[in-house]
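Heads up: the structure comes next, in C-alpha coordinates.
Residue numbers (my numbering): 28 to 205.
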(Lines of atoms letter the chains of each structure in order from A and count residues from 1; the text may use other names and numbers.)
(Lines give C-alpha, C1' and ligand atoms only; values in the text may rest on other atoms or scores of the structure.)
Protein backbone atom coordinates (compact mmCIF):
# COMPACT_ATOMS: atom_id res chain seq x y z
CA UNK A 1 0.00 0.00 0.00
CA UNK A 2 2.89 2.36 0.75
CA UNK A 3 3.83 2.74 -2.92
CA UNK A 4 0.32 2.68 -4.40
CA UNK A 5 0.48 6.38 -5.37
CA UNK A 6 3.57 5.65 -7.49
CA UNK A 7 1.82 2.69 -9.16
CA UNK A 8 -1.22 4.84 -9.94
CA UNK A 9 1.06 7.52 -11.38
CA UNK A 10 2.98 5.03 -13.48
CA UNK A 11 -0.29 3.60 -14.84
CA UNK A 12 -1.35 7.13 -15.76
CA UNK A 13 1.94 7.62 -17.60
CA UNK A 14 1.47 4.34 -19.43
CA UNK A 15 -2.04 5.39 -20.52
CA UNK A 16 -0.76 8.74 -21.82
CA UNK A 17 2.18 7.09 -23.61
CA UNK A 18 -0.28 4.74 -25.33
CA UNK A 19 -2.29 7.79 -26.42
CA UNK A 20 0.86 9.44 -27.79
CA UNK A 21 1.84 6.26 -29.67
CA UNK A 22 -1.60 5.85 -31.22
CA UNK A 23 -1.48 9.49 -32.37
CA UNK A 24 2.08 9.14 -33.74
CA UNK A 25 3.50 11.72 -31.33
CA UNK A 26 7.16 11.14 -30.44
CA UNK A 27 7.98 10.85 -26.75
CA UNK A 28 10.68 9.74 -24.31
CA UNK A 29 10.27 8.59 -20.74
CA UNK A 30 12.21 7.01 -17.90
CA UNK A 31 9.89 4.45 -16.30
CA UNK A 32 12.67 2.73 -14.34
CA UNK A 33 13.86 5.73 -12.34
CA UNK A 34 11.16 8.37 -12.41
CA UNK A 35 11.07 9.78 -8.90
CA UNK A 36 11.26 13.62 -8.89
CA UNK A 37 11.95 13.72 -12.63
CA UNK A 38 9.96 14.85 -15.63
CA UNK A 39 7.35 12.21 -16.45
CA UNK A 40 7.60 12.42 -20.24
CA UNK A 41 9.25 14.53 -22.91
CA UNK A 42 7.10 14.78 -26.02
CA UNK A 43 7.72 16.19 -29.47
CA UNK A 44 4.72 17.47 -31.35
CA UNK A 45 4.97 19.61 -34.47
CA UNK A 46 8.78 19.80 -33.99
CA UNK A 47 8.35 21.32 -30.52
CA UNK A 48 9.67 19.60 -27.37
CA UNK A 49 7.61 19.78 -24.18
CA UNK A 50 8.02 18.41 -20.67
CA UNK A 51 4.86 16.49 -19.68
CA UNK A 52 3.70 16.14 -16.07
CA UNK A 53 0.87 13.73 -15.38
CA UNK A 54 -1.49 13.55 -12.40
CA UNK A 55 -3.90 10.65 -12.01
CA UNK A 56 -6.71 11.33 -9.54
CA UNK A 57 -10.19 10.25 -8.53
CA UNK A 58 -11.59 13.70 -7.71
CA UNK A 59 -12.51 16.58 -9.99
CA UNK A 60 -15.47 18.37 -8.40
CA UNK A 61 -15.11 20.34 -5.20
CA UNK A 62 -17.82 22.80 -4.09
CA UNK A 63 -19.35 22.85 -7.60
CA UNK A 64 -16.01 23.63 -9.27
CA UNK A 65 -14.36 21.16 -11.63
CA UNK A 66 -10.71 21.37 -10.56
CA UNK A 67 -7.40 19.60 -10.38
CA UNK A 68 -4.48 20.59 -8.21
CA UNK A 69 -0.73 20.30 -7.95
CA UNK A 70 1.69 21.30 -5.22
CA UNK A 71 2.51 24.99 -5.67
CA UNK A 72 6.24 24.35 -5.18
CA UNK A 73 6.12 21.91 -8.10
CA UNK A 74 4.36 24.50 -10.27
CA UNK A 75 7.00 27.10 -9.36
CA UNK A 76 9.75 24.62 -10.25
CA UNK A 77 8.10 23.94 -13.61
CA UNK A 78 8.06 27.67 -14.37
CA UNK A 79 11.77 27.94 -13.50
CA UNK A 80 12.65 24.91 -15.63
CA UNK A 81 10.69 26.33 -18.57
CA UNK A 82 12.94 29.40 -18.46
CA UNK A 83 16.13 27.43 -17.82
CA UNK A 84 15.64 24.94 -20.67
CA UNK A 85 13.39 27.02 -22.95
CA UNK A 86 10.94 24.09 -23.04
CA UNK A 87 7.24 24.37 -22.23
CA UNK A 88 5.45 22.23 -19.65
CA UNK A 89 2.32 20.36 -20.68
CA UNK A 90 0.16 19.35 -17.70
CA UNK A 91 -1.97 16.21 -18.02
CA UNK A 92 -4.73 15.27 -15.59
CA UNK A 93 -6.30 11.84 -15.73
CA UNK A 94 -9.70 11.91 -14.06
CA UNK A 95 -10.57 8.34 -13.15
CA UNK A 96 -14.14 9.16 -12.12
CA UNK A 97 -15.19 10.79 -15.41
CA UNK A 98 -12.86 8.59 -17.53
CA UNK A 99 -11.33 11.69 -19.13
CA UNK A 100 -7.76 12.73 -19.82
CA UNK A 101 -7.29 16.50 -19.84
CA UNK A 102 -4.26 18.56 -20.78
CA UNK A 103 -2.96 22.04 -21.47
CA UNK A 104 0.26 24.00 -21.44
CA UNK A 105 1.22 25.41 -18.05
CA UNK A 106 1.45 28.95 -19.43
CA UNK A 107 -2.20 28.71 -20.51
CA UNK A 108 -3.24 27.35 -17.11
CA UNK A 109 -1.46 30.17 -15.26
CA UNK A 110 -3.49 32.84 -17.07
CA UNK A 111 -6.10 34.16 -14.65
CA UNK A 112 -9.64 33.06 -15.50
CA UNK A 113 -12.95 33.37 -13.66
CA UNK A 114 -15.49 30.56 -13.15
CA UNK A 115 -18.53 30.74 -10.90
CA UNK A 116 -17.15 33.79 -9.10
CA UNK A 117 -13.68 32.32 -8.40
CA UNK A 118 -10.40 33.28 -9.99
CA UNK A 119 -8.17 30.44 -11.19
CA UNK A 120 -5.54 29.34 -10.63
CA UNK A 121 -6.49 29.24 -6.98
CA UNK A 122 -3.84 28.63 -4.30
CA UNK A 123 -5.03 27.08 -1.02
CA UNK A 124 -3.16 25.68 1.98
CA UNK A 125 -4.23 22.04 2.20
CA UNK A 126 -2.98 20.10 5.18
CA UNK A 127 0.26 22.10 5.47
CA UNK A 128 1.11 22.33 1.79
CA UNK A 129 0.03 24.92 -0.75
CA UNK A 130 -1.88 23.50 -3.69
CA UNK A 131 -2.47 25.38 -6.93
CA UNK A 132 -5.90 24.45 -8.29
CA UNK A 133 -6.68 24.77 -11.98
CA UNK A 134 -10.18 24.81 -13.40
CA UNK A 135 -10.90 21.92 -15.75
CA UNK A 136 -12.57 24.52 -17.97
CA UNK A 137 -9.03 25.71 -18.72
CA UNK A 138 -7.99 22.23 -19.82
CA UNK A 139 -8.69 20.39 -23.07
CA UNK A 140 -10.20 16.90 -23.12
CA UNK A 141 -7.69 14.89 -25.13
CA UNK A 142 -8.61 11.24 -24.51
CA UNK A 143 -11.30 8.97 -23.04
CA UNK A 144 -10.20 6.02 -20.88
CA UNK A 145 -11.18 2.66 -22.29
CA UNK A 146 -12.90 0.13 -19.99
CA UNK A 147 -9.70 -1.77 -19.19
CA UNK A 148 -7.83 1.43 -18.24
CA UNK A 149 -10.80 2.61 -16.20
CA UNK A 150 -11.21 -0.68 -14.32
CA UNK A 151 -7.53 -0.90 -13.40
CA UNK A 152 -7.29 2.71 -12.24
CA UNK A 153 -10.61 2.48 -10.36
CA UNK A 154 -9.39 -0.50 -8.39
CA UNK A 155 -6.06 1.18 -7.60
CA UNK A 156 -7.61 4.49 -6.53
CA UNK A 157 -10.26 2.70 -4.42
CA UNK A 158 -7.51 0.81 -2.56
CA UNK A 159 -5.53 4.03 -2.19
CA UNK A 160 -8.51 5.94 -0.77
CA UNK A 161 -8.88 3.30 1.93
CA UNK A 162 -5.18 3.38 2.85
CA UNK A 163 -5.16 4.96 6.33
CA UNK A 164 -1.74 6.53 5.68
CA UNK A 165 -2.94 8.41 2.61
CA UNK A 166 -3.97 12.07 2.95
CA UNK A 167 -6.73 13.30 0.69
CA UNK A 168 -5.94 16.95 -0.08
CA UNK A 169 -9.48 17.58 -1.27
CA UNK A 170 -10.84 16.77 2.17
CA UNK A 171 -8.66 19.47 3.73
CA UNK A 172 -9.60 22.29 1.35
CA UNK A 173 -12.95 23.04 2.94
CA UNK A 174 -11.86 23.48 6.54
CA UNK A 175 -13.33 26.90 7.10
CA UNK A 176 -13.14 27.81 3.41
CA UNK A 177 -15.28 27.38 0.37
CA UNK A 178 -14.30 27.85 -3.20
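For glycine and all other residues, C-beta sits at the position ideal for the given N, C-alpha and C.
**Message:** Do residue 83 and residue 119 count as a contact pair if the criterion is CB distance below 8 Å?
**Reply:** Start at 1 with the first residue of the chain shown, and residue 119 comes out as number 92. Start at 1 with the first residue of the chain shown, and residue 83 comes out as number 56. Cβ distance < 8 Å, so residue 119 and residue 83 count as in contact.
**Asked** Quick one: what does DSSP say residue 101 is sitting in, helix, strand or coil?
**Response** Along the chain shown, one-based indexing puts residue 101 at 74. Note: residue 101 maps to helix in three-state DSSP.
**Request:** Report the residue from 79, 140, 174, 57 whose alpha carbon sits nearest the alpha carbon of residue 164.
**Result:** The residue labelled residue 164 in the question sits at position 137 within the chain shown. For residue 164, the nearest C-alpha among the options comes from 140.
**Prompt:** Taking Cβ positions, are residue 122 and residue 169 nearer each other than 8 Å?
**Reply:** Here residue 122 is taken as the residue at index 95 of the chain shown, counted from 1. Here residue 169 is taken as the residue at index 142 of the chain shown, counted from 1. The answer is no: Cβ separation not under 8 Å.
**Message:** Would residue 116 and residue 104 be called neighbours here (beta carbons separated by less than 8 Å)?
**Reply:** In the chain shown, the residue the question calls residue 116 occupies position 89. In the chain shown, the residue the question calls residue 104 occupies position 77. It is not a contact, given that the beta carbons lie outside the stated cut-off.
**Asked** Excluding sequence positions up to five away, which residues of its chain have a Cβ less than 7 Å from the Cβ of residue 34?
**Response** Translated into the one-based positions of the chain shown, residue 34 becomes position 7. The residues are 182.
**Message:** I'd like to confirm the pairing. Which residues does DSSP put opposite residue 75 in its beta bridges?
**Reply:** Your numbering for residue 75 matches position 48 in the chain shown. Residue 75 pairs with 70.
**Message:** According to DSSP, residue 82 sits in a beta bridge with which residue or residues?
**Reply:** Locating residue 82 in the chain shown gives position 55, where the first residue counts as 1. Note: residue 82 sits in a beta bridge opposite 120.
**Cβ neighbours of residue 109 in the same chain (closer than 6 Å, five flanking residues each side left out)** = As a working note, residue 109 is residue 82 in the chain shown. Cβ within range, chain order: n/a, list empty.
**Request:** Out of 142, 172, 124, 98, point me to the one whose CA is closest to residue 136's CA.
**Result:** The count along the chain shown starts at 1 and reaches residue 136 at position 109. Of the candidates 142, 172, 124, 98, the one whose C-alpha sits nearest the C-alpha of residue 136 is 98.
**Item:** Residue range of the beta strand (DSSP E) that includes residue 148
**Value:** As a position in the chain shown, residue 148 is number 121, starting the count at 1. Element bounds for residue 148: 148-152.
**Prompt:** Within this structure, are the beta carbons of residue 54 and residue 37 separated by less than 8 Å?
**Reply:** Taking the chain shown and counting its residues from 1, one reaches residue 54 at position 27. Taking the chain shown and counting its residues from 1, one reaches residue 37 at position 10. No; because the gap between Cβ atoms is not below 8 Å, this pair is not in contact.
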